[in-house]
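In our numbering, the protein residues as written are 224 to 412.
Ideal Cβ positions, reconstructed from N, Cα and C, are used throughout, including at glycine.
Report on the structure given below.
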């Protein structure tokens with residue numbers, strides 16, 4: 224990929240073109256992203272984590288312009304890896320791509336580790352779990368726990384689960400876009 228001065232126009236374009244799609248949930252991708260970012264911000268996390276929360280499902284959007292495999296009406300198969308790989312190519316610093324990639328692994332981990340977690344998931348999240356590999360086994364869970372972003376990935380997953388409030392308005396995203404730009408720029412030094 225050729226160097227770019229800023230990925231912000233590319234990211235904004237994806238949300239403009241595809242952010243109003245819902246992928247089986249009662250909220251749009253844009254509203255879901257905004258709500259997840261707000262949860263991270265309200266919990267006091269730094270800008271890189273807030274940006275990761277906003278971009279955690281960007282793979283669903285980015286893949287619309289690429290060959291991809293769908294999970295029925297629930298979006299793009301491997302959207303976590305697609306989004307993380309794209310963000311790495313754009314030059315986003317850690318932990319942004321790692322948390323984008325980790326939110327699906329966290330769902331797989333939590334369905335293995337916490338009785339009742341699966342039942343608390345939305346119907347769409349329950350349906351996509353099978354496409355995403357199902358609950359982890361002991362070996363996968365042990366390896367996942369060793370990841371440096373393990374605890375933050377679990378937080379990201381919970382924000383993902385909570386960020387599905389229907390009919391919540393999305394205000395101006397200028398502060399989010401500024402944060403995306405600043406976090407990306409911090410990885411260019």
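Going by C-alpha distance, which of the options is nearest residue i?
i: residue 403; options: 272, 248, 385, 253; result: 272
i: residue 240; options: 262, 286, 268; result: 286
i: residue 258; options: 245, 386, 370; result: 386
i: residue 409; options: 254, 251, 313, 237; result: 313
i: residue 391; options: 256, 228, 235; result: 256
i: residue 252; options: 378, 343, 393; result: 393
i: residue 378; options: 279, 242, 230; result: 279
i: residue 229; options: 265, 310, 384; result: 310
i: residue 407; options: 303, 236, 316; result: 316
Less than 8 angstroms between the C-beta atoms of residue i and residue j, yes or no?
i: residue 426; j: residue 376; result: Because the chain is modelled from 224 through 412, residue 426 falls outside the range shown and cannot be assessed.
i: residue 335; j: residue 359; result: yes
i: residue 330; j: residue 368; result: no
i: residue 270; j: residue 405; result: yes
i: residue 350; j: residue 246; result: no
i: residue 267; j: residue 389; result: no
i: residue 327; j: residue 355; result: yes
Would DSSP call residue i helix, strand or coil?
i: residue 315; result: coil
i: residue 282; result: helix
i: residue 404; result: helix
i: residue 249; result: coil
i: residue 241; result: helix
i: residue 411; result: coil
i: residue 229; result: coil
i: residue 224; result: Because the pLDDT of residue 224 is 45, which lies under 50, any placement of that residue in the model is unreliable, and the question is left without a value.
i: residue 301; result: coil
Excluding sequence positions up to five away, which residues of its chain have a Cβ less than 7 angstroms from the Cβ of residue i?
i: residue 260; result: 273, 276, 277, 399
i: residue 372; result: 318, 321, 322, 325
i: residue 263; result: 272, 273, 276, 382
i: residue 244; result: 251, 252
i: residue 238; result: 253, 284
Once the 5 residues before and after residue i are set aside, which same chain residues still bring their CB inside 8 angstroms of it?
i: residue 362; result: none
i: residue 352; result: 330, 331, 334, 341, 344, 358
i: residue 242; result: 251, 252, 253, 256, 284
To which residues of the same chain is residue i closer than 6 angstroms at the C-beta, ignoring the five residues directly before and after it?
i: residue 417; result: Given that the chain is displayed from residue 224 to residue 412, the structure contains no residue 417 and the question cannot be resolved.
i: residue 364; result: 332, 335
At what residue ranges does the region 330 to 401 contain a whole run of the alpha helix (DSSP H), taking only runs of 4 or more? Restricted to the region 330 to 401, the alpha helix (DSSP H) segments that are unbroken, complete and at least 4 residues in length are 340 to 343, 346 to 354, 361 to 368, 373 to 385, listed in chain order.
Segments assigned alpha helix (DSSP H), at least 4 residues, entirely inside the region 257 to 281: Segments of the alpha helix (DSSP H) lying fully in the region 257 to 281: 270 to 278.
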